[in-house]
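Trainee: In the numbering used here, the protein residues as written are 491 to 789.
#1: For residue 642, report the span of its beta strand (DSSP E) as first-last.
#2: Can you find the residues in the same chain that come closer than 6 Å, C-beta to C-beta, to residue 672, ignoring five residues on each side of it along the sequence?
#3: Whole angstroms is fine: what's the gap from residue 648's alpha carbon to residue 602's?
#4: Assuming residue 757 contacts residue 505 under a Cβ cut-off of 8 Å, what Cβ separation, rounded to an integer in Å, is found between them?
#5: Along the chain, where does the beta strand (DSSP E) that runs through residue 739 open and close?
#6: If residue 501 sits next to residue 663, beta carbons under 8 Å apart, how far is it from one beta carbon to the other, in whole angstroms?
#7: Can residue 654 and residue 728 be called in contact, C-beta distance under 8 Å?
#8: Taking only the alpha-carbon atoms, compute the straight-line gap between residue 640 and residue 587 and give it to the nearest angstrom.
#9: Just to confirm the assignment: which complete beta strand (DSSP E) runs, minimum length 3, are found wholly within the stretch 534-611?
#10: Under a three-way DSSP split, which group does residue 789 fall into?
#11: With DSSP collapsed to three states, give me the class of residue 669.
#12: Mapping the DSSP letters down to three states, classify residue 762 as helix, strand or coil.
#13: What's the C-alpha gap between residue 557 and residue 686?
#14: Contact defined as beta carbons within less than 8 Å: I believe residue 696 pairs with residue 737. What is the distance between those atoms, to the nearest angstrom?
#15: In the DSSP assignment, what are the bridge partners of residue 660?
#16: Using the Cα positions of residue 693 and residue 678, report the straight-line distance between them to the nearest angstrom.
#17: Please name the residue, chosen from 708, 710, 600, 789, that lies closest to residue 571 on a Cα-to-Cα basis.
#18: When DSSP builds the beta bridges, which residues end up paired with residue 508?
#19: What is the DSSP secondary structure of residue 717, counted as helix, strand or coil?
#20: Just verifying my parser: in three-state terms, what is the DSSP assignment at residue 637?
#21: For residue 595, collect the residues of the same chain with a Cβ closer than 8 Å to its Cβ; drop the 5 residues on either side in sequence, then sort them by chain order.
#22: Tell me which residues share the same chain as residue 714 and place their Cβ nearer than 7 Å to its Cβ, disregarding the 5 neighbours each side in the sequence.
#23: Quick check on DSSP: helix, strand or coil for residue 773?
#24: Determine the extent of the beta strand (DSSP E) in which residue 702 is found, giving its start and end residues.
#25: If you follow the beta strand (DSSP E) that residue 723 is in, where does it begin and where does it stop?
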């Protein structure tokens, strides 16, 4: 199968079960809401070393306090890990940010006390506020007003999370770094238009894709040698003579439908750039992940 003369390899991405949360951050203006959101999402590329995977989902004016807002999605392998990351990141990156407020913006089966713990920073001067029950929140919503030097930090008591999908991916293969990077940028632009998803790596793009295992016993993963162009002559390479660059797009989503849409839109966008030769994907033979995302099916 081809799109604009770009071969779509007959393979699949292997997605994993994760837990996802959506945090809505507001500020006095969009710039200050974004300052906080970017910091929350910082160092959130991979659960391997970062504790969670995080990214900006979108901006919004539909907020509880009527101020400009930014939605951040966070994903972790377990609900416990996600709750820990929410506590750390909201406490260090939102409460510290001038004019910020923080709200749960996702209904899910897991719940974590965040504002209810951060309130103690108020040293007994914190005040609670409860909103009336709604169909979405039959027990109402409780918030904490925590006094800080810049005024007060308004934070929801509890945040929720739901089962989600991580590890969706595709490889963009081409003749050189310039067309492959341009194709990656086009793919990320398309993916960012899809709600419920993030591409958590820098600019949404990964250059150092990995394989399972290593020649070094102390490493569980190492560089994906089959797709490294500079060592084509030294290893069993999956690259042709004309293929000299590979970049990867990794996607996390709150549901498999959004994942498939993001994969579809991203792949089609990548195939509009001259110099892209193939689209492939990384997997573990189907032995580890719950979700097998077949490239030919999603496009």
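The beta carbon of each residue, even a glycine, is placed where N, CA and C say it ideally should be.
Mentor: Based on what the coordinates show:
#1: 641-646
#2: 763
#3: 5 Å
#4: Actually they do not touch by this definition, with Cβ atoms about 15 Å apart.
#5: 735-743
#6: Wrong, their Cβ atoms sit about 12 Å apart, outside the cutoff.
#7: no
#8: 9 Å
#9: 543-550, 559-566, 591-594, 600-603
#10: coil
#11: helix
#12: coil
#13: 21 Å
#14: 7 Å
#15: 739
#16: 8 Å
#17: 600
#18: 654
#19: helix
#20: strand
#21: 512, 513, 514, 561
#22: 699, 700, 701
#23: coil
#24: 700-702
#25: Taken as a continuous stretch (DSSP letters only), residue 723 belongs to no beta strand (DSSP E), as it is neither H nor E.
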